[in-house]
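Below: one structure, written as structure tokens.
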Amino acid sequence: RESAFIHAISAAGVAFAVTRACSRGELEKCGCDRKIRGVSPEGEGGGQWVGGGCSDNLSYGIAFSQAFVDNPERSRGISSSRALMNLHNNEAGRKALLAHMKVECKCHGVSGSCEVRTCWKVMPPFRKVGNILKEKFEGATEVHPKQVGSRKLLVPKSSRFKPYTAHDLVYLLASPDFCNWDPRHGVFGTSGRQCNRT
1 RESAFIHAIS
11 AAGVAFAVTR
21 ACSRGELEKC
31 GCDRKIRGVS
41 PEGEGGGQWV
51 GGGCSDNLSY
61 GIAFSQAFVD
71 NPERSRGISS
81 SRALMNLHNN
91 EAGRKALLAH
101 MKVECKCHGV
111 SGSCEVRTCW
121 KVMPPFRKVG
131 NILKEKFEGA
141 TEVHPKQVGS
151 RKLLVPKSSR
161 FKPYTAHDLV
171 YLLASPDFCN
181 WDPRHGVFGT
191 SGRQCNRT
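Using the UniProt record's numbering, you'd call the opening residue of the sequence shown number 1 and step up by one each time.
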């Protein structure tokens with residue numbers, strides 16, 4: 001289960017770092033996302049606003065993350081259960097970043113009357129993304145491979161488990177018991193204090 005979290009936060013981290021570098025002008029091949037369109041952050045009737053400023057170019061960051069993080073998994077072949085799991089968790093990590101983009105605005109007008117606002121999209125703090133993925137880790141779904149026609153899919157191991165979505169984390173193997181020494185899994189165990197097995 002821990003590997004699900006590692007893959008998700010690594011994929012999100014690459015997307016975040018590349019996007020931030022784009023916004024700061026540190027990369028030659030990308031810059032701000034100037035295609036922002038939509039309604040006011042307060043919804044319809046929230047006043048006139050225009051896209052502007054320097055929106056975080058998350059689409060470039062996500063594309064870079066997909067190429068950089070996913071390619072090693074794709075080289076294993078989609079028939080690999082582990083590759084399917086890792087690709088799913090990579091994408092769930094990126095979705096956690098994408099789903100929590102927010103709009104920031106600056107007012108323009110006489111005496112700050114905010115007749116017109118310039119707005120741009122920004123990524124959430126990475127700490128927030130980490131906290132979201134930690135919650136996803138706590139509720140991750142154990143899955144197993146199932147052949148459906150010519151495709152291999154990952155399905156919940158038990159009918160009691162909730163069906164997972166593209167935003168959820170999944171894992172193939174349950175976590176080892178970290179409380180007891182287990183050299184086979186490289187677990188040193190815990191001594192001299194109480195250990196919570198969960």
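Heads up, the beta-carbon is just placed ideally off N, CA and C, and yes, glycines get one too. These numbers were taken from a predicted model, which means no experiment stands behind them.
- Per DSSP, reduced to three states, the secondary structure at residue 105 is strand.
- Burial state of residue 193 is exposed, judged by a 10 Å Cβ sphere holding fewer than 16 other Cβ atoms.
- Taking a contact as a CB-CB distance under 8 Å, the pair residue 122 and residue 101 counts as one, their CB atoms being some 7 Å apart.
- Under the three-state reduction of DSSP, residue 163 is assigned to coil, being neither helix nor strand.
- For secondary structure counted as the alpha helix (DSSP H) over 4 or more consecutive residues, the stretch 73-158 holds these complete runs in sequence order: 81-98 and 126-138.
- A residue is called buried once 16 or more other Cβ atoms fall within 10 Å of its Cβ, and residue 61 is buried on that count.
- With fewer than three CB-CB distances shorter than 8 Å, the stretch 7-26 does not count as touching the stretch 140-152.
- Going by C-alpha positions, residue 9 is about 24 Å away from residue 157.
- CA-to-CA, the gap between residue 151 and residue 77 works out to about 12 Å.
- In the three-state DSSP reduction, residue 55 falls in the strand class (E or B).
- Under the DSSP assignment, residue 22 falls in the alpha helix (DSSP H) whose first and last residues are 2-23.
- Looking at the DSSP output, residue 177 bridges to nothing.
- Looking at the backbone, the Cα of residue 86 and that of residue 106 are separated by about 40 Å.
- Annotated as proximal: residue 65 and residue 11, with beta-carbon spacing under 8 Å.
- For residue 70, the secondary structure class from DSSP, reduced to helix, strand or coil, is helix.
- Rounded to the nearest angstrom, the Cβ distance from residue 7 to residue 131 is 17 Å, too far for a contact under 8 Å.
- According to the DSSP secondary-structure assignment, residue 171 is paired through a beta bridge with 142.
- The three-state secondary structure of residue 31, taken from DSSP, is coil.
- For residue 162, same chain residues with a beta-carbon under 7 Å away, outside a window of 5 residues either side, are 141 in chain order.
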